[in-house]
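A.B. asks: Following this message is one structure expressed as structure tokens.
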Amino acid sequence: MSQKVLVVDDEQSIVTLLKYNLETAGYIVDVAYDGEEALKKVKEVKPELIVLDVMLPKKDGIEVCKTIRSDKNLVPILMLTAKDDEFDRV
Numbered sequence: 001m002s003q004k005v006l007v008v009d010d011e012q013s014i015v016t017l018l019k020y021n022l023e024t025a026g027y028i029v030d031v032a033y034d035g036e037e038a039l040k041k042v043k044e045v046k047p048e049l050i051v052l053d054v055m056l057p058k059k060d061g062i063e064v065c066k067t068i069r070s071d072k073n074l075v076p077i078l079m080l081t082a083k084d085d086e087f088d089r090v
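Quick note on full-length UniProt numbering: the sequence shown kicks off at 1 and runs consecutively.
Below is the structure:
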């Protein structure tokens, strides 16, 4: 059984690129384009990995991550960001 990945980004080109490459590697990929849609998909799809953009409409990626964790969901989350300030780095 293939693993499910949820890709969350508001940039269509990034979503298309990630989806294509993950599917080529054998993953089942679902997508969301804003934070609220992402939270719905997490409950519906139950992904094994979430690729999550930080800057999203409706609810940003940090809030999405906090909400997922507050539900005791330990799914791995890979955060994507275009931010490059020292404050924004892990």
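All C-beta atoms, glycine included, are put in the ideal place defined by N, C-alpha and C.
All figures in this text were calculated on a predicted structure; none of them were measured in a lab.
Is the CB-CB distance between valine 51 and aspartate 60 below 8 Å?
C.D. replies: By 1-based counting over the sequence shown, the position of residue 51 is 51. By 1-based counting over the sequence shown, the position of residue 60 is 60. No. Outside cutoff.
A.B. asks: In the DSSP assignment, find the alpha helix (DSSP H) that holds valine 64 and state where it starts and stops.
C.D. replies: Position 64 of the sequence shown, counted from the start, is the residue given in the question as residue 64. Per DSSP, valine 64 belongs to the alpha helix (DSSP H) from 61-70.
A.B. asks: Label proline 76 either buried or exposed according to how many other C-beta atoms from any shown protein chain fall within 10 Å of its C-beta, with 16 as the threshold for buried.
C.D. replies: Along the sequence shown, read from residue 1 onward, the residue named residue 76 stands at position 76. Proline 76 is exposed by the Cβ-count criterion.
A.B. asks: Determine which residues share a DSSP beta bridge with leucine 52 and list them.
C.D. replies: Along the sequence shown, read from residue 1 onward, the residue named residue 52 stands at position 52. Answer by DSSP bridge pairing, in chain order: Val8 and Met79.
A.B. asks: At which residues does the alpha helix (DSSP H) containing alanine 25 begin and terminate?
C.D. replies: In the sequence shown, counting from the first residue as 1, residue 25 sits at position 25. Note, alanine 25: premise wrong, no alpha helix (DSSP H); not H, not E.
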